[in-house]
């Protein structure tokens with residue numbers, strides 16, 4: 001399959017013609033979404049299939065949505081995350097979703113539809129295959145090497161491929177940070193944050209980083225509380241995703 005290499009660039013009036021969709025897409029801000037009467041700004045990107053919130057490119061006629069990063073991602077790019085080879089954009093489309101086992105090498109979630117792969121590797125990963133593979137979402141390719149966050153006012157957080165402490169806790173969502181994915185970390189403070197959690201609301205009582213290996217009774221209670229909070233957060237995200245799909249279904253059948 002030959003990848004498309006054209007880069008879609010937005011017009012001055014906020015419209016965009018994109019190779020993934022036949023109609024003109026219009027940029028929507030959070031204020032635009034509120035003005036239309038929606039009670040939340042979450043959506044499922046029709047490019048990479050990952051969840052999104054806030055600003056997007058939208059087709060009102062088809063209820064089609066794209067992350068800003070997916071809408072403007074170039075055909076090829078270079079990244080500090082994978083410095084040895086250029087990354088090549090792939091667009092398979094919904095009709096070519098064959099449930100390939102392709103986890104994003106940054107966040108760990110599956111990649112499909114619109115994604116990047118290493119230009120020297122294959123687009124499909126097979127078992128017992130020693131070939132070179134690297135996959136990444138367009139949104140994950142935008143992560144910066146380091147950033148400043150309200151959770152740590154004294155030090156920058158640096159993006160690391162492997163947490164220094166195994167089984168570290170994300171200080172925002174309180175879920176474990178996998179040793180097979182990347183995380184933002186402050187070494188002096190022992191703070192870890194999932195890259196996808198950086199833009200989530202930060203609550204002050206989360207400021208103490210979770211223990212990496214709980215042992216005492218109070219720590220076990222913290223783990224139980226963290227698991228309950230993580231379950232509640234996962235349930236809320238799932239409900240929001242279902243609402244987005246329901247709204248999309250309704251809009252398609254009202255037209």
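In the UniProt record's numbering, the protein residues as written are 1 to 255. Where is the CB? At the ideal position from N, CA and C, for every residue including glycine.
When C-beta atoms of the region 150-162 are compared with those of the region 175-190, three or more pairs fall below 8 Å, so the two segments count as touching. In the displayed model, residue 188 falls within coil according to three-state DSSP, outside both helix and strand. Exclusion of the five residues before and after residue 107 leaves 137, 140, 181, 182, 194, 195 and 196 as the residues of its chain whose Cβ lies within less than 8 Å of its Cβ.
For residue 68, the enclosing alpha helix (DSSP H) covers residues 68-72.
With respect to residue 142, residue 69 sits close: the two C-beta atoms are nearer than 7 Å. Burial check for residue 115: the Cβ neighbour count within 10 Å reaches 16 or more, so the residue is buried.
Sequence-distant partners of residue 120 (beyond 5 residues in either direction) whose C-beta falls short of 8 Å from its own C-beta, in its chain, are 85 and 132. Taking a cut-off of 8 Å on C-beta distances, the region 53-60 touches the region 22-41, as three or more cross pairs fall below it. Residue pairing by DSSP puts residue 52 in a beta bridge opposite 43. Taking C-beta atoms as the reference points, residue 101 and residue 87 fail to come closer than 7 Å.
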